[in-house]
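Here the structure is laid out as structure tokens; the discussion comes afterwards.
In the numbering used here, the protein residues as written are 314 to 404.
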């Protein structure tokens, strides 16, 4: 499970979620922010307590690339795409 979202430095600059979302969440629940990504191995850590991104950075980069490709294929607007293109790894 790759987590690429976080709480932005400027919450006032958050984009309002699209009205047609099939679920109701706050923008900070899914909007990229100024937080390092995290990676969890769900079969061995279903409660996501042990971040393994430092050992599996290549896996995180591959998952992120697939995520961005999916967003592009779905036709996400460029202003929202640019929020999702960056993957921030610790260190």
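Backbone N, C-alpha and C define an ideal beta-carbon position, used for all residues, glycine too.
Here the structure is a predicted model, which is why all the values come from computation and not from measurement.
Query, Result
"Start and end residues, alpha helix (DSSP H) containing residue 374", "370-386"
"Check whether residue 381 and residue 394 have beta carbons under 9 Å apart", "yes"
"Counted within 10 angstroms of its Cβ, other Cβ atoms place residue 352 as buried (16 or more) or exposed", "buried"
"Sheet register partners of residue 396 (DSSP bridge)", "Partner(s): none; residue 396 has no beta bridge."
"Proximity winner among 397, 355 and 362, relative to residue 379 (alpha-carbon distances)", "397"
"Same chain, Cβ closer than 7 Å to residue 354, neighbours up to 5 away in sequence not counted", "365"
"Residues near residue 361 by beta carbon distance below 7 Å, same chain, minus five either side", "314 and 353"
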